[in-house]
Structure formats: structure tokens, C-alpha cells
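The opening position of the sequence shown corresponds to residue 1 in my numbering, with each subsequent residue numbered one higher. Everything below concerns the one structure shown next.
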Amino acid sequence: MKLYNRGMIIAGIVVFLIVATFPLWYGRGKAVPPPDLKLDTPAIQRLKKKLCVETAPYMRANHMKLLAAWRDDVVREGKRTYTAADGRIHYISLTGTCLECHSNKKQFCDRCHDYSGAKPACWSCHIIPEEVR
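This is the structure we're talking about:
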């Protein structure tokens, strides 16, 4: 069997492979620094101890799981309080607990979510704090 236009077919395959793998190799070797979060909100400045619901490393790694568990606890079980690992008790509320301190969505939430490519659905139900004002 004779392959006609072999050169064009091979060139087409090469172009396809370059285009298909471009996103993989284009960013290789480029380190993007993590976002610099602004933790200087008035609510945080008033705190004697700068503590979140859980430790900072835990919150960085697991806040999405914690928020999902909170949602399930409130909606499905009617549970309204959360006991942290250190024994402190918190009211379960994204807007009333989390956004009390982390009040600037653009400076706090959006920076990490944009960096990681996450598209959380929080704001489909919750009101963005700046929109209330």
C-alpha cells in the first residue's frame, strides 16, 4: 500500500502534537509564586490571638472540605456549632464566621482561587460582603 502525501500527513501529525501538548510544556520550568494574602482586615487587627477556626496549615489544605462539611452539618443535620481541634467552639457560618475576619473576597478568597484555578460555588448561595454595602 502506497501512502500518498506522506509529507503532508507527517507535518499534520507534528503540528497536531505540538498544539495538543502546548499547555503541558509551555509553563514547564516557570515557578509562579503563591499569592500574597492580605490579613490586615480590621477584624483580624482587633484579635488578641490571630487564630482561625483551625491552624493555618490545616485551613490552607482543608478549608474546602471543612466548608463542605459545615454545609452538610447545617443543611442536613441542623448543627450550628463546630468544635475545633483545640476545643474552641465556633458558629458554623461562611458569612458570619469566615468572612467576619476575611472580609475582602478579592484580596483573600479570589487570590488563592485564581492561583489554583479553583471555581468554588460559594457565591451562588452566599452574598459577597462588598455587595451588601
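Note that CB positions come from ideal geometry on N, CA and C, so glycine has one too. Being a predicted model, the structure only gives us computed values, none of them experimental.
- Spanning the alpha carbons of residue 72 and residue 114 requires a straight line of approximately 25 Å.
- In the DSSP assignment, residue 89 falls within the beta strand (DSSP E) that extends over 89-91.
- Contact between residue 43 and residue 103 holds, since their C-beta atoms are separated by about 6 Å, short of 8 Å.
- Here DSSP, grouped into helix, strand and coil, assigns residue 82 to strand.
- For the pair residue 128 and residue 105, the CB atoms are nearer than the 7 Å cut-off.
- The continuous alpha helix (DSSP H) containing residue 45 extends over residues 42-46.
- Contact between the stretch 14-22 and the stretch 72-81 is absent, with fewer than three C-beta pairs closer than 8 Å.
- Annotation for residue 55: no alpha helix (DSSP H) segment contains it, and DSSP assigns it neither H nor E.
- By a beta-carbon distance limit of 8 Å, residue 82 contacts residue 53. Their separation comes to about 7 Å.
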